[in-house]
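Trainee: Dropping a structure here in structure tokens format, bear with me for questions.
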């Protein structure tokens, strides 16, 4: 059975300012774009795209569906209040066979369900070049949060970075460039060896409680509860902890509050501080996948 021709090429659902800027860029590139769930963002940006009356209309009228990073938060579609806490299950039920979904941190269970109905999913965060691009904006946003939330210089500070993945590596480099004395704490000995090779001091996770009292800036990138009561009790009271780990983060915030320690969770920093340039990278990824899909279809017809 031939699929009904869609009125629009791309629907953008929810998300943060990055997705709103994507709508503008895609429309300028000539794509027919419809949006839903980002009304307040669009008012600030000025968006030439059509606004749907409902999320169901937006999804029904487009072949390519773009959501936020993450696509879902606490089991709900991430985005503006217009989405009314739309569940992951309700979003899935709106989709049709052969549609293509883009988003960040897409749950594997959701991808499996989509595959059963020939719905293709592309996770922004599984593309290495995009992930690095995102890590740069995250690192710069993290430093901005540090400057906003503590009345001391980063230059000359004793700064601790927990973890040594993409974001942590770039964050360490930028902190070193600002004159901070950087120490990396990780479980993986190879990661610690790399950090040492780049000129950072290193400690293992097993040394954390013994060493942590010397640091005034602490940046966590590990998505596990590294900072429970035993570790927090050794943190100096004038320290600032910035948690950029995904999900629920790595800090017992209730305990930190009881101890008088300032700990802040900072998620979605690229969308907060660098939405326009981040949107440009996401658009390039989407356009590339759309064109690849067309080439495959044309090859099948040939």
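In my numbering, the protein residues as written are 198 to 499.
No residue lacks a Cβ here, since even glycine has one placed at the ideal position from N, Cα and C.
1. Give me the Cα-Cα distance between residue 467 and residue 235, rounded to the nearest whole angstrom.
2. When you compare the CB positions of residue 327 and residue 300, do they come within less than 8 Å of one another, or not?
3. Locate the alpha helix (DSSP H) running through residue 340, then write down its first and last residues.
4. Compute the beta-carbon to beta-carbon distance between residue 261 and residue 297, rounded to the nearest angstrom, for a pair I have assumed lies under 8 Å.
5. Am I right that residue 378 and residue 356 are in contact with their C-beta atoms under 8 Å? What's the rounded C-beta distance?
6. Alpha carbon to alpha carbon, what distance is there between residue 353 and residue 291?
7. Taking the alpha-carbon positions, what's the residue 263 to residue 220 distance?
8. Work out the CA separation of residue 271 and residue 208 for me, nearest whole Å.
9. For residue 401 and residue 310, what's the separation of their Cα atoms in angstroms?
10. Can you tell me whether DSSP reads residue 489 as helix, strand or coil?
11. Taking 7 Å as the limit between beta carbons, can you name the residues of its chain near residue 487, skipping five residues before and five after?
12. Would DSSP call residue 367 helix, strand or coil?
13. Once DSSP output is grouped into helix, strand and coil, what is the label at residue 418?
14. Quick check: the region 468-480 against the region 444-457, are there 3 or more CB pairs under 8 Å?
15. In the DSSP assignment, what residue or residues form a beta bridge with residue 459?
16. Residue range of the beta strand (DSSP E) that residue 219 falls in?
17. Could you name each continuous alpha helix (DSSP H) segment of 4 residues or more that falls completely within the region 279-309, going from the start of the chain to the end?
18. What is the DSSP secondary structure of residue 401, reduced to helix, strand or coil?
19. Does the beta-carbon of residue 315 have 16 or more other beta-carbons within 10 angstroms, so that it is buried, or is it exposed?
20. Roughly how many whole angstroms lie between the Cα atoms of residue 374 and residue 396?
21. Taking 7 Å as the limit between beta carbons, can you name the residues of its chain near residue 324, skipping five residues before and five after?
22. I need the straight-line Cα distance from residue 381 to residue 349, nearest angstrom please.
23. Could you round the C-beta distance between residue 255 and residue 231 to whole angstroms and report it? I think they count as a contact, below 8 Å.
24. Between the alpha carbons of residue 294 and residue 318, how many angstroms are there, rounded?
25. Can you give me the C-alpha to C-alpha distance between residue 407 and residue 276, rounded to a whole angstrom?
Mentor: On the basis of the supplied data:
1. Taking the first residue of the chain shown as 1, we reach residue 467 at position 270. Taking the first residue of the chain shown as 1, we reach residue 235 at position 38. Using only the alpha carbons, I get a separation of about 17 Å.
2. For the purposes of this step, residue 327 is taken as residue 130 along the chain shown, with counting starting at 1. For the purposes of this step, residue 300 is taken as residue 103 along the chain shown, with counting starting at 1. No, they are not a contact pair.
3. Counted from its first residue, the chain shown places residue 340 at position 143. That run of the alpha helix (DSSP H) goes 325-346.
4. By one-based count along the chain shown, residue 261 stands at place 64. By one-based count along the chain shown, residue 297 stands at place 100. About 5 Å separates the beta carbons of residue 261 and residue 297, which is inside the 8 Å limit, making them a contact pair.
5. In the chain shown, the residue the question calls residue 378 occupies position 181. In the chain shown, the residue the question calls residue 356 occupies position 159. Indeed they touch by this definition, with Cβ atoms about 7 Å apart.
6. Position 94 of the chain shown, counted from the start, is the residue given in the question as residue 291. Position 156 of the chain shown, counted from the start, is the residue given in the question as residue 353. The straight-line gap separating the alpha-carbon atoms of residue 291 and residue 353 is approximately 53 Å.
7. Here residue 263 refers to the residue found at position 66 when the chain shown is read from its first residue. Here residue 220 refers to the residue found at position 23 when the chain shown is read from its first residue. For residue 263 and residue 220, the distance between alpha carbons rounds to 10 Å.
8. Within the chain shown, the letter at position 11 stands for residue 208. Within the chain shown, the letter at position 74 stands for residue 271. Approximately 22 Å between the Cα atoms of the pair.
9. Residue numbering aside, residue 401 sits at position 204 when the chain shown is read from its first letter. Residue numbering aside, residue 310 sits at position 113 when the chain shown is read from its first letter. Looking at the two C-alpha atoms, the distance is approximately 40 Å.
10. Here residue 489 refers to the residue found at position 292 of the chain shown. Helix at residue 489.
11. The sequence position of residue 487 within the chain shown is 290, counting from 1. So the list reads 261, once near-sequence residues are dropped.
12. As a first step, residue 367 must be located in the chain shown, where it is residue number 170. Under the three-state reduction of DSSP, residue 367 is assigned to helix.
13. Numbered from 1 along the chain shown, position 221 holds the residue referred to as residue 418. Three-state result, residue 418: coil.
14. no
15. Here residue 459 is taken as the residue at index 262 of the chain shown, counted from 1. Answer is 437.
16. Numbered from 1 along the chain shown, position 22 holds the residue referred to as residue 219. Residue 219: not part of any beta strand (DSSP E); member of the alpha helix (DSSP H) spanning 214-225, first to last residue.
17. 285-291
18. Here residue 401 refers to the residue found at position 204 of the chain shown. In this structure, residue 401 counts as strand in the three-state DSSP scheme.
19. Position 118 of the chain shown, counted from the first residue, corresponds to residue 315. Classification of residue 315: exposed, given that the 10 Å Cβ count is below 16.
20. For this step, residue 374 is matched to residue 177 along the chain shown. For this step, residue 396 is matched to residue 199 along the chain shown. Whole-angstrom Cα-Cα distance: 12 Å.
21. Taking the first residue of the chain shown as 1, we reach residue 324 at position 127. Once the five neighbours on either side are set aside, the close Cβ partners of residue 324 are 482.
22. Along the chain shown, read from residue 1 onward, the residue named residue 381 stands at position 184. Along the chain shown, read from residue 1 onward, the residue named residue 349 stands at position 152. Distance between the alpha carbons of residue 381 and residue 349 is about 21 Å.
23. The residue you call residue 255 lines up with position 58 of the chain shown. The residue you call residue 231 lines up with position 34 of the chain shown. Correct: roughly 5 Å between the Cβ atoms.
24. Here residue 294 corresponds to residue number 97 of the chain shown, with the count starting at 1. Here residue 318 corresponds to residue number 121 of the chain shown, with the count starting at 1. Looking at the two C-alpha atoms, the distance is approximately 12 Å.
25. Position 210 of the chain shown, counted from the start, is the residue given in the question as residue 407. Position 79 of the chain shown, counted from the start, is the residue given in the question as residue 276. Taking the straight line from one Cα to the other gives about 41 Å.
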